[in-house]
Amino acid sequence: MNFSLFLTELWNARMNLLAGLGDTVLISVASVLLGTFLGVFVGLAMTYGNKPTRFGVRLYIDFLRGTPVFVLILACFYILSVVGLDLSAFQAGVLALTMFCSSHVGEIVRGALKAIPAGQTEAAKSIGLTFGQTFAYVLLPQALRQILPTWVNTATEIVKASTLLSIIGVVELLLATQQVISRTYLSLEFYLFVGFVYFILNFLIEQAGRAVERRISIP
Amino acid sequence: QEASKLQQVLDRGHLILGTGSTNPPWHFIDSDNKLKGFDVDMGRLVAKALFGDPDKIEYVQQSGDARIPNLVTDKVDLTCQFMTVTAERAQQIEFTIPYYREGVGLLQMEGGDYADYEALKAAGSDVTVAVLQNVYAEEMVHAALPEAEVDQYDSVDLMYQALNSGRADAAATDQSALRWFMVKNPGRYHDAGYGWNPQSYSCGVKPGDQRWLNFVNTVLHEGMTGVEFPFYADSFKTWFGTELSVPQIGFPVEYK
Amino acid sequence: MSPILTITDLHKSFGDLEVLKGIDMTMQKGDVVSLIGSSGSGKTTLLRCVNLLEDFERGSIELDGEAIGYRHDGGERRRLSERHIARQRAMTGMAFQQFNLFPHMTAIRNVMLGLTKTKKMAKDEAYAIAEKWLERVGMIERRDHFPGQLSGGQQQRVAIARAIAMNPRIMLFDEVTSALDPELVKEVLAVVRDLADDGMTMLLVTHEMRFARDVSSKVVFMHHGRIHEEGPPEQIFGAPETDRLRGFLANSEM
Amino acid sequence: MSPILTITDLHKSFGDLEVLKGIDMTMQKGDVVSLIGSSGSGKTTLLRCVNLLEDFERGSIELDGEAIGYRHDGGERRRLSERHIARQRAMTGMAFQQFNLFPHMTAIRNVMLGLTKTKKMAKDEAYAIAEKWLERVGMIERRDHFPGQLSGGQQQRVAIARAIAMNPRIMLFDEVTSALDPELVKEVLAVVRDLADDGMTMLLVTHEMRFARDVSSKVVFMHHGRIHEEGPPEQIFGAPETDRLRGFLANSEM
Amino acid sequence: MNYDFNFSVIWRNWELLAQGLGLGLFLALVSIAIGCGIGLLAAFGMLSRHRVLRWIAVAYVSAIRNTPILVLILFCYFALPQLGIALDKIPSFIFTLSIYAGAYLAEVFRSGLVALPKGLREAGLAIGLTELKIKIHIIIPVMLRNVLPSLSNNFISLFKDTSLAAAIAVPELTFYARKINVESFRVIETWMVASLIYVVACYVIAWFLRQLEQRLAVPR
Ligand SMILES: Nc1ncnc2c1ncn2[C@@H]1O[C@H](COP(=O)(O)OP(=O)(O)OP(=O)(O)O)[C@@H](O)[C@H]1O
Ligand SMILES: Nc1ncnc2c1ncn2[C@@H]1O[C@H](COP(=O)(O)OP(=O)(O)OP(=O)(O)O)[C@@H](O)[C@H]1O
Ligand SMILES: [Mg+2]
Ligand SMILES: [Mg+2]
């Protein structure tokens, strides 16, 4: 390993790597937020929908969970452009990750809602709350607490999956690193480096999740 | 009828060029964080012809298998990304005239045991050739040096290391990569002077727009033989380290 | 005086199983009615129908003269809108065997929720009312505790306060002590007795015969989805008329 | 006749808590000793020391004249090797409160495991022995059932067979019936009694005083990590000497 | 959309796709087998009394779990040769996927081990078995049966992860799909068929694993 050369090259490439990191964060945040939003509806449809809705949503989830994210990304990128939906690689990638995230969140939300005892809904009804109010004030807050740990897991999965966007040419952190490697041939050093950066990212997410969990835990 | 791509590009004010970013000397991000390389220069040549300014380009960094889809779906105006011309691909997109002929070459240490290709060939089975691992690697080397020992390596740097340490007398690799390596390490290596396994590199455009294709062809052609020759030759020298001789003046060589 | 609750020919099935087979019952303001009967006789189901937690197929329930759950449109029976039913539910208060407090809210926020969301009260007004009722059930000191930090008996008292704070016409109690340890039963029964003494109209299911005898103005014995015998507690416990009731009482510890 | 089990000045602590504070005890071949005493007095811990499931800091335990668990090297006390201890453990058989059958093996395979793996017996020999003991505890019909398919009492009988099939010098029983429903207690006690009648040396912890009285040759009352009173069952149950024992017996149902 | 579907390229290349699918399954199978071994060691490591072992195991698991698998794949293939570990494409991928699987399985096994009643080990001790024999004959078999459902899930996600082998040109399903794509530009058809093959394969695998679970389940 050539450490000083590595440091020089790292310094040279810092702007590109930072831009890549920025894209990774942007992709992850966008996909997780959109995916969660969509996933909550997926979970609701699975829990409260009628039979045809549940069946349709089940298909959606199973399809997304049965397909490798990598294939999903390639499919989103190429198929949509052929159909005439003109998405950039970035948008197509975020779309794929969003769908992937929504299928996970959907399952999590469904599980969490199912785990709340029926008595909670009945108690809420008996003091005259409507379904919407029951959901907003009684079910959702309880579900959220149960969802959080798994949701944090999903978020780290998405950060990891964001590397797959490099395949369709989105210059996120991994591709930015590969660009440096292709110029410098310092593959060992830079792959270790980028692995470490991802580790830190996910580690931070985990810690943040734990902190929030502690804060909102019910005594 | 739709206006030609040429008009669209002119109206837009910049060219959208599809290329890669991880393969020097073709297209890569240099230490000044700019996309550079021979492919990139071909795009710049077209931009210069369009706007008189080689920098009026928006780059789309794409992976190898996005080359054709991005063209057909109009995500890029032009793709220059060391695209090997094959008949099958020519059914999907339209290739421009070639701007480089790739082949396999042999890299040797300066001042090694064998002077050039002829010496290597004469030495027969005494010669060891390092090559990047590949199903056809042995076959390919034997096409040039039928008796040579073939050592297959897993990565480019290992292959070069084999050469440096004298474990191999020559390394067989793409001529472009070989030349780039010589550019990066001036004075240490030389080319054995034999190339084989030819293939053409061309830019590609979306099929069905003859006007645009013609325009790009003209630009490339004049880069290699006409007014823009200095631009092309300069780029060639930068990436492949070789000084091109000036095209013959007088009767155009292509009609000979 | 017109009755507060009038149940007429109430029928209710779960699939093929007919659980209530025609119940008729009236209650006046201030009545305390105990429902007794063996397991599966339909006591809980009756309470849940009154609270509109279950649909019912036939018969009607009137609360303060207003038919609840359904309206009749020229012979056709239509379920009321979700919003309408929600409003009617708030007219009855229900206390459950399993307390069902909202675990993510403190005691006082549990009590306030219905006030602010269903009754649209301002926060401070709701707070004052919640305090009053928590005081009443002896839980004012624990107002900021979460359910998980309270004993079963304490949780049940908060749950009762939550129901009663809505100012219901009638309170429904479904075996409010049967999930509690014996020592905790007393404190909850004391609260219920206190409310009864205060003139609250109450319909309660209980297995505590001694308590039913003490507190009720009327006792109703249910059997197989029907009212089998009813009357003042002295009569039901002192001079049961049917064999069934005698058998049932013999098996219950007094 | 030299004793089978000799415990001398046994001390055992968990962290700061001294649980056994010097136990002395001897047992002859064929003795049946019951350990009684209130919860936390150290009965289980004593048994676990004899089975070498716990280390102990002071004192010694001798089985058939062989010091177990530790050897003395010129004044220094050293724990024996894992392998050596494993061999010694097989000299005592232990039946646990929670049965602890291996859930992925049939009854007979549970019994055979120690025979084939510890005693290195051939499969068929082990099978024959296992059958013999399953027969003895009345479980031969169920030999191919998995623990999950057996009732608690049946599981416990298999567990006893598993321990005894190893041909131990002494059997240790730790409240073998207290995880069982009342109806299942009897069948397990019958097995234990049968073994006692047969001359098996046994040390048992039990809360079943009547059973202890019937089956034991000696009863040991433990209190706070010490042996507080011991003697033949008639004396311990009939004429307890200390207040502690009297108090303990008064609280235990006979 | 007026796109005329044309699946003929795909039918023409069905053998390639089938080969790719087969290789993917093979990669997943081998990797999970090796990963099980690594995972077991790491799980016991995480529960070990020795602090150093525990630390190593925990570091391994959390480092691998928090690193994108694509980075691991590229690292093993392109960077490890610099350390003198030059594996060919397929062995390199199997190596990566095994290490990756090991980290995930370690967590599964660890929770499986923690959930086992303590009494099992003690009952084993009481009949004179050594710690190693207890692990082999009692602890591991019981734990494996208990964690079989999560093992199945892991197998399926590992199978899906084999699609990433395409990144280092291992000719599995995705690799061939991309190849057919570049050659024929039947983008929609190729990706539709490829996704479908994965989904169906996952269903089939899940079904098989459920059968296996039932077969191995301890009767109760
Ligand atoms: N949601 C339901 N679905 C199907 N059957 C039900 C449902 N709820 C109650 N039942 C059945 O209705 C019958 C009456 O039940 P109910 O709970 O009203 O009895 P109960 O008198 O309250 O008994 P207990 O004293 O055990 O609480 C029982 O046979 C019960 O199994
Ligand atoms: N592993 C342990 N770690 C710490 N303390 C322990 C442990 N095992 C037992 N103890 C403590 O040692 C004391 C004696 O426990 P032991 O189980 O021997 O009592 P016992 O007489 O068998 O009681 P019981 O009748 O409840 O089974 C108790 O105070 C117990 O809390
Ligand atoms: Mg009931
Ligand atoms: Mg004990």
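Chains as they are written, first to last, in my numbering: chain A, 1 to 219; chain S, 1 to 256; chain P, 1 to 254; chain B, 1 to 254; chain Y, 1 to 220.
Here a beta-carbon is modelled for each residue, glycine too, at the ideal position from N, C-alpha and C.
Nothing here was measured: the structure is a model prediction, and the numbers come from that model.
Range of the contiguous beta strand (DSSP E) that encloses residue i
i, result
"Asn197/S", "Trp196 to Val205"
"Ala170/S", "Ala170 to Asp174"
"His72/P", "Tyr70 to Asp73"
"Cys202/Y", "No beta strand (DSSP E) holds Cys202/Y; the alpha helix (DSSP H) holding it covers Val187 to Leu216."
"Met202/B", "Met202 to Val205"
Neighbour-count burial assignment, residue i, 16 or more Cβ in a 10 Å radius
i, result
"Lys48/S", "buried"
"Lys12/P", "buried"
"Thr258/P", "Chain P is shown from 1 up to 254; residue 258/P falls before or after that span and cannot be answered."
"Ile4/P", "buried"
"His84/B", "exposed"
"Tyr203/Y", "exposed"
"Phe56/B", "buried"
"Pro91/Y", "exposed"
"Leu175/A", "buried"
"Ala126/B", "buried"
"Glu299/P", "Because chain P in this structure spans residues 1 to 254, residue 299/P falls outside the shown range and cannot be described."
"Ala90/S", "exposed"
"Met15/A", "exposed"
"Ala212/P", "buried"
Neighbourhood of residue i by C-beta distance below 8 Å, restricted to the same chain and skipping five residues each side
i, result
"Val104/S", "Met140, Ala144, Ala172, Thr173, Asp174, Gln175, Gly195, Trp196 and Asn197"
Close-in-space but distant-in-sequence residues of the same chain around residue i (CB under 7 Å, 5 per side omitted)
i, result
"Glu9/A", "Val180, Thr184 and Leu186"
"Ala123/A", "none"
Proximity below 9 Å, CB of residue i to CB of residue j
i, j, result
"Ile160/B", "Val185/B", "no"
"Gln221/A", "Phe102/P", "With chain A running from 1 to 219 in the structure shown, residue 221/A is simply not present."
"Leu257/P", "Val32/P", "One cannot answer for residue 257/P here, as it falls past the ends of chain P, which runs 1 to 254."
"Thr92/P", "Ile7/P", "no"
"Tyr137/A", "Leu113/P", "yes"
"Ser252/P", "Pro232/P", "no"
"Tyr201/S", "Arg67/S", "no"
"Leu45/S", "Val205/S", "no"
"Leu10/B", "Gly59/B", "yes"
"Met109/S", "Leu163/S", "yes"
"Phe28/S", "Cys203/S", "no"
"Arg143/B", "Ala107/B", "yes"
Residue i: CB within 8 Å of a non-hydrogen atom of ligand 1
i, result
"His207/P", "yes"
"Met222/P", "yes"
"Val19/P", "yes"
"Leu46/P", "yes"
Where the alpha helix (DSSP H) containing residue i begins and where it ends
i, result
"His104/A", "Ala89 to Ala115"
"Gln120/A", "Ala118 to Ser126"
"Ser187/A", "Ser187 to Ile216"
"Met328/B", "Examination of residue 328/B is not possible in this model, given that chain B is present from 1 through 254 alone."
"Ala95/B", "Looking at the DSSP string, Ala95/B is not in any alpha helix (DSSP H); the run it does join, the beta strand (DSSP E), is Thr92 to Ala95."
"Pro245/Y", "Any property of residue 245/Y remains undetermined from this structure, which presents chain Y solely from 1 to 220."
Ligand 2 heavy atom lying under 8 Å from the CB of residue i
i, result
"Ala94/B", "Looking at the sequence shown, residue 94/B is not Ala but Met. Incorrect: Met94/B has no Cβ contact closer than 8 Å to ligand 2."
"Ser152/Y", "no"
"Gly56/A", "no"
Contacting residues, own chain, Cβ-Cβ under 6 Å from residue i (five flanking each side not counted)
i, result
"Val246/S", "none"
"Tyr104/Y", "Asn154"
"Met1/Y", "Since pLDDT at Met1/Y reaches only 45, below the 50 mark, its modelled position is unreliable, and the value read off the structure follows with that caveat. Answer for Met1/Y: no residue qualifies."
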